[in-house]
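*Asks:* From first to last, the protein sequence lines stand for chains A and B. So the mapping is simple: my numbering equals the position in the first sequence, first residue as 1, plus 43. So the mapping is simple: my numbering equals the position in the second sequence, first residue as 1, plus 43.
2 protein chains.
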Amino acid sequence: MGGSSKNYLRGYGEDRLVAELTRGLPRGREVLVGPGDDCAVIGRPRDVRWQLLKADVVVEGVHFLPSDDPRRVGWKALCRALSDLAAMGGEPAHALVTLAVSPDEEVARVKAIYAGLKRAAKRFGVSIVGGETSRSPGPLFLDIALTGWVERSRCVLRSGGRAGDALYVTGRLGGSRAGRHLDFTPRLAEARWLTEHFRPRAMMDLSDGLAADLPRLARASGCGFTLEMETIPRSPGVTLDQALRDGEDFELLFALPPRLAAKLEGAWPKKFPRLRLTRIGQLSASQRSTLNAQPPRGFDHFA
Amino acid sequence: MGGSSKNYLRGYGEDRLVAELTRGLPRGREVLVGPGDDCAVIGRPRDVRWQLLKADVVVEGVHFLPSDDPRRVGWKALCRALSDLAAMGGEPAHALVTLAVSPDEEVARVKAIYAGLKRAAKRFGVSIVGGETSRSPGPLFLDIALTGWVERSRCVLRSGGRAGDALYVTGRLGGSRAGRHLDFTPRLAEARWLTEHFRPRAMMDLSDGLAADLPRLARASGCGFTLEMETIPRSPGVTLDQALRDGEDFELLFALPPRLAAKLEGAWPKKFPRLRLTRIGQLSASQRSTLNAQPPRGFDHFA
């Protein structure tokens, strides 16, 4: 042991770290889905509804800047967690807010963050039921814990995809760093409609960029994937690389049986005329994935 | 407005800030208790069981030091939230863990924090079902969101106390800064026994010190209080002032109808021979409170 080199988070790999940390966690009988999907799923297998649980954090200097509008910071914090709930096909219910902030912070800034939280809560039907405030000797830290629910029959995991399923994304990817990451709309309504009418086999929200997140969905489903690079919908002015890697798109990525593809592509623009839906490839049986570009490298919080 | 002085959190008053932030929050029909008690309570009035929700955070440099044993830091983080659940008379169920940490942190330290979390989770029957990791450009933040439940008939709020109720605390107060704050035991078993056999009218856990927390319980109950200073149970070697103000005792404070006092004082030492129970005063009708010492000043995170 003496003198052996130490490992640091930088370069260790976020997925590897999370897998190692969550290995061997005690898990009660009612935990249907634990760490590794967009939300945890709690309930008994035959319950009509299951509970969804998700926590997500924004940190000053990482997810927003000190100069950003604090109302938009509050909005973003709650909407990030809502996006994860959408990815399971769920409806939100209750939120807890944890705020750690410097004593030298202006009261007005903290109130503006809360104004943004309240606006998102009202818009998406969330009750903020409590939380905690603490001093921070460093950056501002805003953590949201969210509960929600989903009908058993409409709960969508990352792991249900099958070889041959068509892969879709909502909206356009990339450009979050230009400011969109503070103003996005979690795709709750779209996901609810999808799970009511089309039952995607697998779904997740795009938080770390398609290049990082699609391999996660494929891996969870025991599949590889084929990605048609030229079809990837890009935000105005962004490169393909940015569309793949910027992260914080908060769009839905889902896998659908190919026999439903034509029906979905006909119905979607009537229901959501202002939000693009794009077929970007398919899941494959091979664990090796095909891209007509460089293999993607994901966004890693510690890289 | 122009040129008016700005308010900063330091000196603003934590209770005032929280009251202002949580005013006007959207609140759904199933929110039985929102911000202001130890946990939020969710359910319908006639449900047999209600859900409890709580979030709590520890911040490096505030709640623990970089040199502290990381296993004890993980233990503390989960046990703080468990202490709040105990204060409602509840049983814990599921936890989400949010960790924000520097990329320059050692992997071994993060794993040791998780080892402490897992130890507390196993000890108290909690399933850690998910969470989030993020980069921190500053101190390490460890936030816990906890769900639990309580039978409707055993749920204890801060607000149920009545004038004349006897006030009790478990354990000994003060001395947390000498290290006890990393090793305390949340009083889940004691609170469950109390709510089964004695139905306290009001209860909370002591996190900010008796001097800050007792006035909160009294105010929530619409009462004042009389505190017999000489009865306050102190940890070895601490002054009365430290016992009142150190904070992080994580003992129970509760109010009991005086007719039950003798029975409780007889039964407690048989059930919990190693944990002291002390009657420290009573709730009073007057909103003015009587102390045979200086008026207490509470622990304020931003003071």
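Using N, Cα and C, we set each Cβ at its ideal position, and we do this for glycine too.
Buried or exposed: which applies to histidine 240(B), given that a residue is buried once 16 or more other Cβ atoms fall within 10 Å of its Cβ?
*Replies:* Result: exposed.
*Asks:* Histidine 137(B) CB to nearest chain A CB: under 8 Å?
*Replies:* yes
*Asks:* Opposite histidine 137(A) in the DSSP bridges: which residues?
*Replies:* In the DSSP output, where bridge partners are listed per residue, histidine 137(A) has Ser170(A), Thr190(A).
*Asks:* Using 8 Å as the limit for Cβ to Cβ distance, is glycine 174(B) near chain A?
*Replies:* yes
*Asks:* Among Arg201(A), Ala98(A), Ile275(A), which one has its Cα closest to the Cα of alanine 263(A)?
*Replies:* Arg201(A)
*Asks:* So which residues of chain B does glycine 104(A) contact, with C-beta pairs closer than 7 Å?
*Replies:* What glycine 104(A) touches in chain B: Pro180.
*Asks:* Between which two residues does the beta strand (DSSP E) carrying threonine 65(A) extend?
*Replies:* Segment 57-65 is the alpha helix (DSSP H) holding threonine 65(A); no beta strand (DSSP E) there.
*Asks:* Between isoleucine 323(A) and threonine 274(A), is the Cβ-Cβ spacing less than 8 Å?
*Replies:* yes
*Asks:* In chain A, which residues lie less than 9 Å from arginine 70(B) when you measure between Cβ atoms?
*Replies:* Ser170, Ile171, Val172
*Asks:* Rank Phe268(B), Gln285(B), Thr269(B) by C-alpha distance to the C-alpha of proline 276(B) and give the top, closest one.
*Replies:* Gln285(B)
*Asks:* Comparing alpha-carbon positions, which option in Val76(B), Ala328(B), Ala129(B), Val116(B) lies nearest arginine 235(B)?
*Replies:* Ala129(B)
*Asks:* Please decide whether glutamate 57(B) counts as near chain A, where near means a Cβ-Cβ distance under 8 Å.
*Replies:* Yes, because at least one Cβ of chain A sits closer than 8 Å to the Cβ of glutamate 57(B).
*Asks:* Checking the sheet assignment: what are the DSSP bridge partners for serine 196(A)?
*Replies:* In the DSSP output, where bridge partners are listed per residue, serine 196(A) has none listed.
*Asks:* When DSSP labels each residue in this structure, what does glycine 309(B) get in the three-state scheme?
*Replies:* helix
*Asks:* Taking only beta carbons into account, state which residues of the segment 237-258 of chain A come closer than 7 Å to chain B, listed in chain order.
*Replies:* Those would be none; no residue qualifies.
*Asks:* Below 8 Å, how does it come out for the segment 138-145 of chain B and the segment 99-108 of chain A: are there three or more Cβ pairs, yes or no?
*Replies:* yes
*Asks:* Can you give me, in chain order, the residues of the segment 287-315 of chain B that have a beta carbon less than 7 Å from any beta carbon in chain A?
*Replies:* none
*Asks:* From arginine 340(A) to alanine 209(A), what does the alpha carbon distance come to, in whole angstroms?
*Replies:* Unreliable placement is indicated for arginine 340(A), whose pLDDT of 49 sits below 50; the coordinate value is still reported in the next sentence. Distance between the alpha carbons of arginine 340(A) and alanine 209(A) is about 22 Å.
*Asks:* Is any beta-carbon of chain A found at less than 8 Å from that of valine 153(B)?
*Replies:* yes
*Asks:* Could you please give the first and the last residue of the uninterrupted alpha helix (DSSP H) stretch that includes arginine 259(B)?
*Replies:* 253-263
*Asks:* For glycine 45(A), would you say it is in contact with chain B, using Cβ-to-Cβ distances shorter than 8 Å as the test?
*Replies:* Low confidence applies to glycine 45(A): its pLDDT is 42, below 50, so where it sits in the model is not reliable, and the reading given next is rough at best. No, because no Cβ of chain B sits closer than 8 Å to the Cβ of glycine 45(A).
*Asks:* Would you mind working out which of Lys165(B), Lys119(B), Gly203(B) sits nearest cysteine 266(B), comparing C-alpha positions?
*Replies:* Gly203(B)
*Asks:* In chain order, what residues of the same chain lie with their CB nearer than 7 Å to the CB of tryptophan 192(A), ignoring the 5 residues before and after it?
*Replies:* Excluding sequence neighbours, tryptophan 192(A) sits near Arg92, Trp93, Gln94, Leu95, Gly133, Glu134, Ala136.
*Asks:* When you compare the CB of glycine 267(A) with every CB in chain B, is at least one pair closer than 8 Å?
*Replies:* no
*Asks:* Just reading off the alpha helix (DSSP H) that aspartate 127(B) is part of, what are its end residues?
*Replies:* 113-130
*Asks:* Do aspartate 127(A) and aspartate 248(A) count as a contact pair if the criterion is CB distance below 8 Å?
*Replies:* yes
*Asks:* Run through the DSSP bridge pairs and tell me what proline 78(B) is partnered with.
*Replies:* Asp80(B)
*Asks:* Taking CB distances under 8 Å as the criterion, tell me whether leucine 125(B) reaches chain A.
*Replies:* no
*Asks:* Which one or two residues does DSSP pair with tryptophan 93(A) in a beta bridge?
*Replies:* Val193(A)
*Asks:* Express the C-alpha separation of serine 329(A) and lysine 161(A) in angstroms, rounding to a whole number.
*Replies:* If I take the Cα positions, the gap works out to 46 Å.
*Asks:* Using alpha carbons as the reference points, say which of Leu108(A), Lys49(A), Pro78(A), Val76(A) lies closest to alanine 221(A).
*Replies:* Leu108(A)
*Asks:* Using three-state DSSP, classify serine 48(A) as helix, strand or coil.
*Replies:* The DSSP-derived three-state label of serine 48(A) is coil.
*Asks:* Tell me, please, whether the CB atom of threonine 228(A) is closer than 8 Å to any CB atom in chain B?
*Replies:* Taking Cβ atoms only, chain B never reaches closer than 8 Å to threonine 228(A), which makes this a no.
*Asks:* Hey, valine 74(B) and alanine 62(B): beta-carbon distance below 8 Å or not?
*Replies:* Taking C-beta atoms as the reference points, valine 74(B) and alanine 62(B) fail to come closer than 8 Å.
*Asks:* Who are the near neighbours of valine 76(B) in its chain, counting only those whose CB is closer than 8 Å to its CB and skipping five residues on each side?
*Replies:* Cys82, Ala83, Val84, Leu200
*Asks:* Less than 8 Å between C-beta atoms, sequence neighbours within five positions excluded: which residues of the same chain meet that for proline 312(A)?
*Replies:* Leu320
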